[in-house]
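Before any comments, here is the structure.
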Amino acid sequence: MSRWKSLVAEVRADVAAARDRDPAAQGVSTFEILGSWAGVQALLAHRAAHALLEAGVPVLPRIIAYATRAVTGVEIHPAAQIGSEFFIDHGAGVVIGETAVIGRCVTLYQGVTLGGTGFQRGKRHQTLGDNVTVGSGAKLLGPIAVGDNAKVGANTVVVEDVPPGATVVGNPGHPVRVEGKRIEGPDADWIHLPDPIAEAIKGLSGRLADIERRLAELDGDNGPAGEKPTEISPRTGRSSAGG
Ligand SMILES: CC(C)(COP(=O)(O)OP(=O)(O)OC[C@H]1O[C@@H](n2cnc3c(N)ncnc32)[C@H](O)[C@@H]1OP(=O)(O)O)[C@@H](O)C(=O)NCCC(=O)NCCS
Numbered sequence: 001m002s003r004w005k006s007l008v009a010e011v012r013a014d015v016a017a018a019r020d021r022d023p024a025a026q027g028v029s030t031f032e033i034l035g036s037w038a039g040v041q042a043l044l045a046h047r048a049a050h051a052l053l054e055a056g057v058p059v060l061p062r063i064i065a066y067a068t069r070a071v072t073g074v075e076i077h078p079a080a081q082i083g084s085e086f087f088i089d090h091g092a093g094v095v096i097g098e099t100a101v102i103g104r105c106v107t108l109y110q111g112v113t114l115g116g117t118g119f120q121r122g123k124r125h126q127t128l129g130d131n132v133t134v135g136s137g138a139k140l141l142g143p144i145a146v147g148d149n150a151k152v153g154a155n156t157v158v159v160e161d162v163p164p165g166a167t168v169v170g171n172p173g174h175p176v177r178v179e180g181k182r183i184e185g186p187d188a189d190w191i192h193l194p195d196p197i198a199e200a201i202k203g204l205s206g207r208l209a210d211i212e213r214r215l216a217e218l219d220g221d222n223g224p225a226g227e228k229p230t231e232i233s234p235r236t237g238r239s240s241a242g243g
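Sequence positions in the sequence shown follow the working numbering and run 1 to 243.
In structure tokens form, the structure reads like this:
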């Protein structure tokens, strides 16, 4: 009986999470959310599959996971451990691997992958802390840890640990904020690094132009009129450090 009560409480918390975090779910009845929110359906099916797996029931957990993927587009391995108040917004295209461990109040958007990096065995998926948000299309690869309250930007590829409270964006994912503050300083900007090959080509190009000019002078010629060495400019753009 107490198992039944805790199951009902879990379902209530999961539906409440959808209502809290999805603006489109405001004022929508629990029945409607259960019937038409693919992320909620996938989660509830996973909770059943996980409980059956833990109880030692063979085959059925995988069949539930397979059928859920077919219906919702969300693939969660039955062994993945997911905390309370978890919410997948929009559902489709989410993959959560076997050894993933997810804390409380975590939100994933569509297209998120919590995957491994190759064919290794054992712990090969992420451990997400509490209150983590992972934006649409983000890929988290390998057995990394994502700290409490961290945010992963849409389409970010994360292959290293994310500190608590950090916001990571880009490919590879790098922190742009920690605890809401911008990361300042040149050391944090590893996107706009000097390009030694471009610098070398630029140097050679200048010397070649110089030699051509001198040869032209010796020949009494003015050289190819108006021809200038190709300018190779360093990569520019907004600093990832925000500085
Ligand atoms: C990463 C995210 C959580 C950051 O939100 P935030 O805390 O408000 O931070 P900001 O918007 O101030 O962005 C911080 C910096 O990261 C950059 N940035 C934000 N999101 C980015 C992303 N997904 N990819 C690359 N850069 C990103 C911003 O341009 C800004 O750069 P700057 O400091 O040089 O100006 C948010 O942008 C995001 O991607 N959320 C996911 C939302 C989502 O998936 N929605 C799907 C709905 S269907």
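C-beta atoms are modelled at their ideal positions from N, C-alpha and C, and glycine is treated no differently.
Being a predicted model, the structure only gives us computed values, none of them experimental.
Between the C-alpha atoms of Q41 and E199, what's the straight-line distance to the nearest angstrom?
Residue 41 sits at position 41 when you count from the first residue of the sequence shown. Residue 199 sits at position 199 when you count from the first residue of the sequence shown. Whole-angstrom Cα-Cα distance: 55 Å.
Rounded straight-line distance, which links the Cα of A49 to that of I33
Here the question's residue 33 lines up with position 33 in the sequence shown. Here the question's residue 49 lines up with position 49 in the sequence shown. Cα to Cα, I33 sits roughly 20 Å from A49.
Among the residues of its own chain, which have a CB less than 7 Å from the CB of F86, if the five just before and after it don't count?
Taking the sequence shown and counting its residues from 1, one reaches residue 86 at position 86. Closer than 7 Å at the Cβ level, and outside the excluded window around F86, lie D14, A17, L43, I102 and V106.
Reduced DSSP category for T30 - H, G, I as helix; E, B as strand; rest coil
Residue mapping note: residue 30 aligns to position 30 of the sequence shown, counting from 1. Reduced to three states, the DSSP call for T30 is helix.
So, does the segment 19-31 touch the segment 64-78, judging by three or more C-beta pairs under 8 Å?
no
At a threshold of 7 Å, does K123 count as lining ligand 1 (C-beta to nearest heavy atom)?
Sequence index remark: in the sequence shown, residue 123 carries index 123 (1-based). No; taking the cut-off as 7 Å, the Cβ of K123 has no heavy atom of ligand 1 nearer than that.
If we ignore side chains and look at the alpha-carbon of each, how far apart do E10 and I197 end up?
Locating residue 10 in the sequence shown gives position 10, counting from the first residue. Locating residue 197 in the sequence shown gives position 197, counting from the first residue. If you take the alpha carbons of E10 and I197, they lie about 57 Å apart.
Please classify A80: is it buried, with 16 or more other beta-carbons within 10 angstroms of its beta-carbon, or exposed?
The residue you call residue 80 lines up with position 80 of the sequence shown. Counting other Cβ atoms within 10 Å of its Cβ, A80 reaches 16 or more and is therefore classed as buried.
Can you pull the DSSP bridge partners for R182?
Position 182 of the sequence shown holds residue 182. R182 pairs with R177.
Tell me, please, which residues DSSP counts as bridged to Q81.
If you number the sequence shown from 1, residue 81 lands on position 81. According to DSSP, which records beta bridges pairwise, Q81 is partnered with V101.
Measuring alpha carbon to alpha carbon, tell me which residue in L128, E75, L52 and W4 is nearest Q110.
Looking up residue 110 in the sequence shown gives position 110. When only C-alpha atoms are compared, the closest one is E75.
Rounding to the nearest angstrom, what Cα-Cα distance links L215 and V162 in this structure?
Counting from 1 along the sequence shown, the entry for residue 215 is found at position 215. Counting from 1 along the sequence shown, the entry for residue 162 is found at position 162. Rounded to whole angstroms, the separation of the alpha carbons of V162 and L215 is 58 Å.
What is the DSSP secondary structure of I197, reduced to helix, strand or coil?
Sequence index remark: in the sequence shown, residue 197 carries index 197 (1-based). DSSP places I197 in helix when its eight states are reduced to three.
Neighbour-count burial assignment, R12, 16 or more Cβ in a 10 Å radius
As a working note, residue 12 is residue 12 in the sequence shown. Exposed is the call here.
Does the Cβ of R21 lie closer than 7 Å to at least one heavy atom of ligand 1?
By 1-based counting over the sequence shown, the position of residue 21 is 21. In this structure, the C-beta of R21 stays at least 7 Å away from each heavy atom of ligand 1.
If you draw a straight line from the alpha carbon of S36 to that of D195, how long is it in whole angstroms?
As a working note, residue 36 is residue 36 in the sequence shown. As a working note, residue 195 is residue 195 in the sequence shown. Their backbone Cα atoms lie some 51 Å apart in a straight line.
How about K151: is its Cβ closer than 7 Å to a heavy atom in ligand 1?
Locating residue 151 in the sequence shown gives position 151, counting from the first residue. K151 Cβ: within cutoff of ligand 1.
Roughly how many angstroms lie between the CA atoms of E98 and I201, to the nearest whole one?
Translated into positions along the sequence shown, residue 98 becomes position 98. Translated into positions along the sequence shown, residue 201 becomes position 201. Those two C-alpha atoms are separated by around 48 Å.
Distance, Cα to Cα, V158 vs G135?
As a working mapping, residue 158 is identified with position 158 in the sequence shown. As a working mapping, residue 135 is identified with position 135 in the sequence shown. Distance between the alpha carbons of V158 and G135: 12 Å.
Taking the straight line between their C-alpha atoms, what separation do you get for I63 and I183?
Looking up residue 63 in the sequence shown gives position 63. Looking up residue 183 in the sequence shown gives position 183. Distance between the alpha carbons of I63 and I183 is about 46 Å.
Contact test: V176 Cβ vs ligand 1 heavy atom, cutoff 7 Å:
Walking along the sequence shown from the start, residue 176 turns up at place 176. Answer for V176: yes, Cβ within range of ligand 1.
Inter-residue Cα distance where the pair is K5 and S84:
For the purposes of this step, residue 5 is identified with residue 5 of the sequence shown, where counting begins at 1. For the purposes of this step, residue 84 is identified with residue 84 of the sequence shown, where counting begins at 1. Distance between the alpha carbons of K5 and S84 is about 15 Å.
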